[in-house]
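Student: My structure is below; once you've seen it, I'll send some questions.
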Amino acid sequence: MSLKTVVYSSDKKTHFLKELKNIFKDISNSHFLAYQMAKRDIQAQYRQSYLGIFWAFAPVIINSLVWLFLNGSGVVSVQGVGIPYPLFVVIGTTLWSVFADTVQSPMVSVNAGKGIMSKINFPKEALLMAGMYKIFFNLGLKLILLVVFLIYFGVNLDINFLYFPFLLVLLLIFSFSLGLLITPIGLIYTDIAKIINTGISFLMYLTPVVYAMPKGGFFGLLFKLNPLTYLINDTRNSITNQPIESMFLNLLILIISIFISLIGLVVFRKSMPIIIEKISG
Numbered sequence: 000m001s002l003k004t005v006v007y008s009s010d011k012k013t014h015f016l017k018e019l020k021n022i023f024k025d026i027s028n029s030h031f032l033a034y035q036m037a038k039r040d041i042q043a044q045y046r047q048s049y050l051g052i053f054w055a056f057a058p059v060i061i062n063s064l065v066w067l068f069l070n071g072s073g074v075v076s077v078q079g080v081g082i083p084y085p086l087f088v089v090i091g092t093t094l095w096s097v098f099a100d101t102v103q104s105p106m107v108s109v110n111a112g113k114g115i116m117s118k119i120n121f122p123k124e125a126l127l128m129a130g131m132y133k134i135f136f137n138l139g140l141k142l143i144l145l146v147v148f149l150i151y152f153g154v155n156l157d158i159n160f161l162y163f164p165f166l167l168v169l170l171l172i173f174s175f176s177l178g179l180l181i182t183p184i185g186l187i188y189t190d191i192a193k194i195i196n197t198g199i200s201f202l203m204y205l206t207p208v209v210y211a212m213p214k215g216g217f218f219g220l221l222f223k224l225n226p227l228t229y230l231i232n233d234t235r236n237s238i239t240n241q242p243i244e245s246m247f248l249n250l251l252i253l254i255i256s257i258f259i260s261l262i263g264l265v266v267f268r269k270s271m272p273i274i275i276e277k278i279s280g
């Protein structure tokens, strides 16, 4: 390796770290703006809705009822889940809803801010933060639903519950890193959002959300290759007195997710001038 190559690589690393420092500084200075944006959107969302916060629970409830009906009617037979099937489904669909919402959050938030991005100069990372604040709000409502079901089925939490906050945060970081990485291209090409929606619906059937992981075969292999298999399973196990099975893999997913998030933040920052120019044009 030549001296010129070493110097060039060092300069790139220094520039990347400097960019990250500026990004985190802007994020730190944008909390109030992001909070106000999220507060405005949440108030508008529920003020204009007759059923109010019911819509925060609706996807989980409706999806769970569909699978409970299919299982109860014998159309789909689900066994070996280790806990009452209704509880298995409700927790699984709740966690999947968190994943789906968080993946789409960066793109949805920036799309919602298109009208002001070209008119007002502010840190665009505030839009990402506003999206996460809304995710946290909806997550709080969904956790209330989980608590109700845990109490109804008489689940007494054990020591594994201590893993639940960590695994839930890990699920959020993993989901956000994926969403952040695809946001720049998704803002330019609207087809990306449609592909994401379709892909999320399909991916649900390759994740142990509403049925247990296959023991073998081709689908068993696909489940093993899916990082969400380990995140969903262990997060659900942590609040249902089931053993945590894949902590090492979850830690590996965390490291990779943080790395992807850092790259995604830099790519997002670098691409925003181009995106704003296209929006303005």
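Mapping the sequence shown onto numbering that gives the first Met the number 0, position 110 (from 1) lands on 109, and the numbers just tick up by one.
We treat Cβ as the ideally placed atom computed from N, Cα and C, and that holds for glycine.
Note that the structure is a prediction, hence the values are computed from the model and not measured.
(1) Taking the alpha helix (DSSP H) that Leu142 falls in, what are its first and last residues?
(2) Throw me the rounded Cβ distance for the Ile195 and Val102 pair, which I believe falls under 8 Å.
(3) Excluding sequence positions up to five away, which residues of its chain have a Cβ less than 7 Å from the Cβ of Glu124?
(4) Please list, in chain order, all residues of the same chain as Leu177 whose beta carbon is under 6 Å from its beta carbon, the five residues on each side excluded.
(5) Considering only their Cβ atoms, is the gap separating Thr182 from Pro105 smaller than 7 Å?
(6) Taking C-beta to C-beta, are Ala99 and Ile257 nearer than 7 Å?
(7) Once DSSP output is grouped into helix, strand and coil, what is the label at Phe267?
(8) Taking only runs of the alpha helix (DSSP H) that begin and end inside the region 188-228, which ones reach a length of at least 4 residues, in chain order?
(9) Inspect the beta-carbon positions of Ile243 and Leu94 and report whether they are closer than 7 Å.
(10) Apart from the five residues just before and just after Phe222, which ones in its own chain have a Cβ nearer than 8 Å to its Cβ?
(11) Exposed or buried, what is Gly114 when buried is set at 16 or more other beta-carbons lying within 10 Å of its beta-carbon?
(12) Could you give the DSSP three-state label for Lys3: helix, strand or coil?
(13) Would you report the Cα separation of Lys3 and Arg268, rounded to the nearest angstrom?
(14) Quick one, which of Ile143, Gly185 and Met36 has its alpha-carbon nearest Leu126's?
(15) Measure the beta-carbon distance from Phe173 to Ile41 and round it to whole angstroms, keeping in mind my assumption that it falls under 8 Å.
(16) Among Lys277, Val59, Phe87 and Met128, whose alpha-carbon lies nearest the alpha-carbon of Ser96?
Tutor: Reading it off the structure:
(1) Taking the sequence shown and counting its residues from 1, one reaches residue 142 at position 143. Per DSSP, Leu142 belongs to the alpha helix (DSSP H) from Glu124 to Tyr151.
(2) Walking along the sequence shown from the start, residue 195 turns up at place 196. Walking along the sequence shown from the start, residue 102 turns up at place 103. Ile195 to Val102, Cβ: 7 Å. Contact.
(3) Within the sequence shown, the letter at position 125 stands for residue 124. So the list reads Ile22, Asp25, Ile26 and Ser29, once near-sequence residues are dropped.
(4) Walking along the sequence shown from the start, residue 177 turns up at place 178. Answer for Leu177: Val102, listed in chain order.
(5) Against the sequence shown, residue 105 aligns to sequence position 106. Against the sequence shown, residue 182 aligns to sequence position 183. Yes.
(6) Taking the sequence shown and counting its residues from 1, the one referred to as residue 99 is at position 100. Taking the sequence shown and counting its residues from 1, the one referred to as residue 257 is at position 258. No.
(7) For the purposes of this step, residue 267 is taken as residue 268 along the sequence shown, with counting starting at 1. It is helical.
(8) 190-202 and 216-224
(9) Counted from its first residue, the sequence shown places residue 243 at position 244. Counted from its first residue, the sequence shown places residue 94 at position 95. Against a cut-off of 7 Å, the Cβ pair of Leu94 and Ile243 comes out as no contact.
(10) Here residue 222 refers to the residue found at position 223 when the sequence shown is read from its first residue. Here the set comprises Leu205, Thr206, Pro207, Met212, Pro213 and Thr228.
(11) Sequence index remark: in the sequence shown, residue 114 carries index 115 (1-based). With fewer than 16 Cβ atoms within 10 Å of its Cβ, Gly114 is classed as exposed.
(12) Translated into positions along the sequence shown, residue 3 becomes position 4. Because Lys3 sits at a pLDDT of 46, beneath the cut-off of 50, its placement in the model cannot be relied upon, and the point is left open.
(13) Position 4 of the sequence shown holds residue 3. Position 269 of the sequence shown holds residue 268. For Lys3, the pLDDT reaches just 46, beneath the cut-off of 50, and the residue's location in the model is therefore unreliable, although a value from the coordinates is still provided. For Lys3 and Arg268, the distance between alpha carbons rounds to 28 Å.
(14) Taking the first residue of the sequence shown as 1, we reach residue 126 at position 127. It is Met36 whose Cα lies nearest to the Cα of Leu126.
(15) The residue labelled residue 173 in the question sits at position 174 within the sequence shown. The residue labelled residue 41 in the question sits at position 42 within the sequence shown. About 24 Å separates the two Cβ atoms, so there is no contact after all.
(16) In the sequence shown, residue 96 corresponds to position 97, counting from 1. Of the listed residues, the one whose Cα sits closest to Ser96 is Val59.
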